[in-house]
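Visitor: A single structure is presented below for examination.
Numbering (our numbering), first residue to last: 10 to 294.
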């Protein structure tokens, strides 16, 4: 069996930065979920995607980390749509269908970028154990910011954790067992630590519940929720536009553009950024 793949960097304007993605645009029909998981583990990126069906203006996708399948993820959505548009398989305006639902994506091939409209944000109950959160992030409780610590989801839930300053954010370090415990208790995929630099400017770090992933360099599925969170609490000049800088501490500088508006259903979040195709190859002989 031969399985072709494309390597993509997302949330960057230059190769070998941003968040890495492996896209399998045309998997063999007999490629089962177990083998998809094995290949994702072999690649070792935070996510690998498999396009399981293509329609006139849409496609179905399955998304895998090295350890499990996800209902939705941010940079895989943008990178997969961009790859398919670049191959001429789908138009520049396309709808991705994953286990979480339908996500409209706009691809700009000429500038190397893509933007998605995420699912409506859902806010969970505040998580008040600040001592546990500080311990999970290798910080003191006094290093945490004054805002509420709340799970927010636009397809996958992340815990929004305000931090008191950039120095504390840089000092933060993921403690495996404590981080996994907090994520389990809060019902989230990650801790999303952030500091507001100014109007429209935020710096963030993502500590995943899984030690296999650790710290993610760019998290589109958390960026939209953070935009909704800040809009709810009037931080960083939101609602409106902002840029999240992420990934510096893991050597993969990334920039995520977030635009938040509202309609009669609540906050509407758009997340986008640069996309670069950096390589490709084959599994099998």
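For each residue, glycine too, the CB sits at the ideal point set by N, CA and C.
Per DSSP, what are the beta-bridge partners of residue 3 in this structure?
Guide: The chain is shown only over 10 to 294; residue 3 falls outside these bounds and no answer can be derived.
Visitor: Between 97, 126, 22, which has its C-alpha nearest residue 34's C-alpha?
Guide: 97
Visitor: Within its chain, find whatever has a CB closer than 7 Å to the CB of residue 26; leave out the 5 residues flanking it on each side and keep chain order.
Guide: 18, 261, 262, 263
Visitor: With respect to 7 Å, is the separation between the Cβ of residue 119 and the closest non-hydrogen atom of the ligand NAP below this value?
Guide: The ligand NAP is not part of this structure, which contains no ligands at all.
Visitor: From what residue to what residue does the alpha helix (DSSP H) around residue 52 run?
Guide: 42-52
Visitor: How about residue 67 and residue 30: do their beta carbons lie closer than 8 Å?
Guide: no
Visitor: Could you compute how far the alpha carbon of residue 161 sits from the alpha carbon of residue 271?
Guide: 16 Å
Visitor: Considering only the beta carbon of each residue, do residue 201 and residue 231 sit closer than 8 Å?
Guide: For the pair residue 201 and residue 231, the CB atoms are nearer than the 8 Å cut-off.
Visitor: Just checking, does the stretch 101-111 make contact with the stretch 201-215 on the three C-beta pairs under 8 Å criterion?
Guide: no
Visitor: Give me the Cα-Cα distance between residue 204 and residue 284, rounded to the nearest whole angstrom.
Guide: 25 Å
Visitor: Around the C-beta of residue 155, are 16 or more other C-beta atoms found within 10 angstroms, so that it is buried, or is it exposed?
Guide: By the C-beta density criterion, residue 155 is exposed, having fewer than 16 other C-beta atoms within 10 angstroms.
Visitor: From which residue to which residue does the beta strand (DSSP E) around residue 202 run?
Guide: 199-207
Visitor: Report buried or exposed for residue 51, applying the criterion of at least 16 other Cβ atoms within 10 angstroms of its Cβ.
Guide: exposed
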